[in-house]
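> The structure follows.
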Amino acid sequence: MITLKEITKQYTRDSVGLKDVSMHVGAGEFVSIVGQSGSGKTTLIKLLIAEERPSKGHIEVGGWDISRIHFRDIPLLRRQIGVIFQDFKLLNKKTVHENVAFALQVAGAPYKRIRDVVPRVLDIVGLAHKSGRYPHQLSGGEQQRVAIARSLVHRPKILVADEPTGNLDAINSHEIIEILKKINDFGTTIVLVTHDKDIVNHLHKRVVTLHDGKIVVDKHQGKYQL
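Residue numbers in the sequence shown follow this note's numbering, run continuously in steps of one, and reach 276 at the last position.
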């Protein structure tokens with residue numbers, strides 16, 4: 051599903067984001083990418099969603115080499131890869147339903163598809179009963195669930211979660227991880243980027259540890275030790 055082949059990302063002569071990284075993530079896997087600040091996690095995310103391009107090497111997503119992806123093809127790629135961020139990125143003047151629908155509207159989806167899809171994804175994250183609320187009327191955990199629902203509207207094959215629990219307490223963090231596990235059970239590949247070792251160790255899934263731009267540990271059902 052995702053293959054990185056000898057990826058290097060060089061920002062300046064003295065600043066390297068990733069150094070000769072090779073990794074394969076199979077369809078339906080749940081992989082946690084961990085590491086201290088500056089280890090290369092953010093660079094990896096940016097490369098996967100084509101926000102950055104590698105200085106060397108190749109990245110394949112679903113058999114598609116995106117290393118030199120054309121600008122016009124990036125929206126198509128991002129429909130295959132759902133992304134969740136730490137800061138939710140919701141539109142404050144739109145309701146829960148409107149926030150989720152907006153992701154379909156900008157892609158030109160017809161009204162019937164929006165009408166069918168939005169309630170379905172809100173049901174997956176347990177927020178169908180709050181579709182008329184505004185972001186300020188929701189808890190942090192609920193706002194993140196809206197963001198997850200929004201990321202699912204295009205039925206992505208891959209979901210990248212970039213520190214999705216970074217602004218949440220332990221209870222809400224657990225709920226978000228349980229939702230990600232449920233989505234993974236549907237067959238979606240999950241790439242979770244986090245610094246929270248408790249979450250990673252609770253998952254008992256594959257753990258890839260980055261340090262100084264390199265993969266130093268890659269364990270199935272591994273644990274992350276600081």
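Yeah, the Cβ is synthetic: ideal placement off N, Cα and C, and Gly gets one too. Being a predicted model, the structure only gives us computed values, none of them experimental.
If I'm right that I233 touches L218 with Cβ under 8 Å, what's the distance once you round it to whole angstroms?
Sequence index remark: in the sequence shown, residue 233 carries index 183 (1-based). Sequence index remark: in the sequence shown, residue 218 carries index 168 (1-based). At roughly 17 Å, the Cβ-Cβ gap does not stay under 8 Å, so I233 and L218 are not in contact.
> To the nearest angstrom, how far is the alpha carbon of V111 from that of Q193?
Taking the sequence shown and counting its residues from 1, one reaches residue 111 at position 61. Taking the sequence shown and counting its residues from 1, one reaches residue 193 at position 143. So the alpha carbons of these two residues sit roughly 29 Å apart.
> Tell me, to the nearest whole angstrom, how far the beta carbon of P206 is from that of T238; I am working on the premise that it is less than 8 Å.
Here residue 206 refers to the residue found at position 156 when the sequence shown is read from its first residue. Here residue 238 refers to the residue found at position 188 when the sequence shown is read from its first residue. Between T238 and P206 the Cβ distance is about 7 Å, and since that is below 8 Å, they are a contact.
> From K231 to V167, what does the alpha carbon distance come to, in whole angstroms?
Translated into the one-based positions of the sequence shown, residue 231 becomes position 181. Translated into the one-based positions of the sequence shown, residue 167 becomes position 117. Their backbone Cα atoms lie some 20 Å apart in a straight line.
> Considering just the uninterrupted stretch of the alpha helix (DSSP H) at L181, what are its terminal residues?
Counting from 1 along the sequence shown, the entry for residue 181 is found at position 131. The residue you asked about is not Leu; residue 181 is Ser in the sequence shown. S181 -> no alpha helix (DSSP H), and no H or E assigned at all.
> Hey, K59 and V66 are a contact pair by Cβ (cut 8 Å); roughly how many whole angstroms apart?
As a position in the sequence shown, residue 59 is number 9, starting the count at 1. As a position in the sequence shown, residue 66 is number 16, starting the count at 1. So it is a contact: roughly 7 Å between Cβ atoms.
> List in chain order: all unbroken alpha helix (DSSP H) runs of 4+ residues lying wholly within the region 168-221.
190-201
> Classify V80 as helix, strand or coil using the three-state DSSP reduction.
The sequence position of residue 80 within the sequence shown is 30, counting from 1. Checking the sequence shown, residue 80 turns out to be Phe, not Val. Note: F80 maps to strand in three-state DSSP.
> Can the beta-carbon of I174 be found less than 8 Å from the beta-carbon of I134?
By one-based count along the sequence shown, residue 174 stands at place 124. By one-based count along the sequence shown, residue 134 stands at place 84. Not a contact, by the Cβ cut-off of 8 Å.
> Buried or exposed: L126, going by 16 or more other Cβ atoms within 10 Å of its Cβ?
By one-based count along the sequence shown, residue 126 stands at place 76. Result: exposed.
> Taking just the CA atoms, how far does G263 sit from V84?
Walking along the sequence shown from the start, residue 84 turns up at place 34. Walking along the sequence shown from the start, residue 263 turns up at place 213. So the alpha carbons of these two residues sit roughly 12 Å apart.
> Do V250 and S87 have their C-beta atoms within less than 8 Å of each other?
The residue given as residue 250 occupies position 200 in the sequence shown. The residue given as residue 87 occupies position 37 in the sequence shown. Taking 8 Å as the Cβ cut-off, V250 and S87 do not qualify as a contacting pair.
> Please specify which runs of the alpha helix (DSSP H), each continuous and at least 4 residues long, are wholly inside the region 81-149, giving them in chain order.
91-98, 124-130
> Who are L54's beta bridge partners in DSSP?
To locate residue 54, count along the sequence shown from 1; it is residue 4. For L54, which the question treats as bridged, DSSP gives the partners M73, I109.
> Go to D268, then tell me how far its beta strand (DSSP E) extends in each direction, as first and last residue.
For the purposes of this step, residue 268 is taken as residue 218 along the sequence shown, with counting starting at 1. Taken as a continuous stretch (DSSP letters only), the beta strand (DSSP E) holding D268 covers 264-269.
> Could you give the residue range of the alpha helix (DSSP H) that holds V241?
Within the sequence shown, the letter at position 191 stands for residue 241. From DSSP, V241 is part of no alpha helix (DSSP H) but of the beta strand (DSSP E) over 239-244.
> Restricting to Cα atoms, I'd like to know which of G176, R122, S181 is closest to E148.
The count along the sequence shown starts at 1 and reaches residue 148 at position 98. Minimum Cα distance to E148 is reached at S181.
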